[in-house]
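In the numbering used here, the protein residues as written are 1 to 270.
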Amino acid sequence: MKDRTLVTVLADYGHLHDLAFAEVRQRLYAELGDGFLIETVAVPAFDTVATGFVLAQMAINSRLGANHKFFVNTAPRKDDLKPRARNAGEGLAYAKLVNGVEIVAVDSGHSLSFIRDAATEMRGLKVAAEGSQFRSRDVFAAAFAKIAHGDYSAFGSDLMSEVREAPQNCVCYTDGYGNMKCALDIDALMKHKGKDVCVTLHESEAIVRVADGIFGVADGQFCLSPGSSGWALPGGKVVRFAEIVKRGGNAAKTFDAPHGGAAIEWRPLS
1 MKDRTLVTVL ADYGHLHDLA FAEVRQRLYA ELGDGFLIET VAVPAFDTVA
51 TGFVLAQMAI NSRLGANHKF FVNTAPRKDD LKPRARNAGE GLAYAKLVNG
101 VEIVAVDSGH SLSFIRDAAT EMRGLKVAAE GSQFRSRDVF AAAFAKIAHG
151 DYSAFGSDLM SEVREAPQNC VCYTDGYGNM KCALDIDALM KHKGKDVCVT
201 LHESEAIVRV ADGIFGVADG QFCLSPGSSG WALPGGKVVR FAEIVKRGGN
251 AAKTFDAPHG GAAIEWRPLS
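The following block contains the structure:
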């Protein structure tokens, strides 16, 4: 990747074969010119918690540094529930991480929450927040391309103190196997290693075995364990996530496929 920059498009357009991904990728190639390679990553519609989690997992752990840029669009337009003029929505923001990765993202919900503590700079961008139903194609792609080419003339105010904290005690993301990545206190959980706990999520309950790995239970059994996701922050703190898994099955289906941010409660049975 020394001669090319990887652009990760992270968005809630739907499946990766959705027309929106194709149109945005096409527009970005036109705006960026040579020297860039674009990949696409999908998150559930309007789910800013999942967006923020996936962004952090990929961006903070990236080893590509300045050769890795993120274009992030999950814009549920929940900042103002009244009718909107000219398809207005949440504004665009910029972030640079300690590893050199740069991010241009819609500043919505928790989209920037998980990267906040790994950022050296976070700013609003003076870019139109209205004018198109499809802003990521028609407005934001050109703004991203300028940043990717080192043009920071659209920088606005400092956002560091305004970005929300990452949520706790909740589902952050569900993978293709139905394994749920969760923001839980792993140290507290592991005090019950080898024992069953009752997990309440999405108005459903299940008896789950606490283990030190997701295969530490019999096939068909639920497991709650340290997962494969997480990252190191400046200063040495390591952020870790737990996973709720049904070995050989789909844990998320049991809990009615909870969205990012769905609250989790658990209690020991003995």
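Where a beta carbon is used, it is the ideal one built from N, C-alpha and C, also for glycine. In this text the structure is predicted, and so the values were computed from the model without any measurement.
{"Item": "According to DSSP, simplified to helix, strand and coil, what is Thr254?", "Value": "helix"}
{"Item": "Could you check the C-alpha separation between Gly248 and Thr5 for me, to the nearest Å?", "Value": "38 Å"}
{"Item": "With DSSP as the reference, label Thr74 as helix, strand or coil.", "Value": "coil"}
{"Item": "Can you pull the DSSP bridge partners for Ser225?", "Value": "Glu243"}
{"Item": "Ile264 by DSSP, collapsed to three states: which one?", "Value": "strand"}
{"Item": "For Ala263, would you say it is in contact with chain D, using Cβ-to-Cβ distances shorter than 7 Å as the test?", "Value": "No chain D is present in this structure, which holds just one protein chain."}
{"Item": "Can you tell which of Tyr94, Thr48 and Gly235 has the C-alpha that lies nearest to the C-alpha of Met160?", "Value": "Tyr94"}
{"Item": "Let's test the definition: count the other Cβ atoms within 10 Å of the Cβ of His68 and tell me whether it reaches 16, buried, or not, exposed.", "Value": "buried"}
{"Item": "For Pro226, count neighbouring C-beta atoms within 10 Å of its own C-beta (all shown protein chains included) and say buried if the count is 16 or more, exposed if not.", "Value": "buried"}
{"Item": "Can you give me the C-alpha to C-alpha distance between Ala218 and Gly194, rounded to a whole angstrom?", "Value": "12 Å"}
{"Item": "For the alpha helix (DSSP H) containing Asp187, name the first residue and the last one.", "Value": "Ile186 to Met190"}
{"Item": "Between Ser111 and Val43, what straight-line distance do the alpha-carbon atoms span, to the nearest angstrom?", "Value": "11 Å"}
{"Item": "Taking C-alpha atoms, which residue in Ile214, Ala252, Ala141 and Ala154 lies nearest to Asp175?", "Value": "Ala252"}
{"Item": "Keeping to the same chain, check which residues put their C-beta closer than 6 Å to that of Glu31; ignore five residues upstream and five downstream.", "Value": "Ala141, Ala142 and Ala145"}
{"Item": "Give the straight-line distance between the Cα atoms of Leu322 and Ser270, rounded to the nearest whole angstrom.", "Value": "Residue coverage of the chain in this structure runs from 1 to 270, which leaves residue 322 outside it and unanswerable."}
{"Item": "Asp12 to Asn179, Cα distance in whole Å?", "Value": "19 Å"}
{"Item": "What is the rounded straight-line gap between the Cα of Glu121 and the Cα of Val171?", "Value": "27 Å"}
{"Item": "Just how far apart, CA to CA, sit Ile207 and Arg240?", "Value": "23 Å"}
{"Item": "What residues are listed by DSSP as bridge partners for Glu102?", "Value": "Lys69 and Lys96"}
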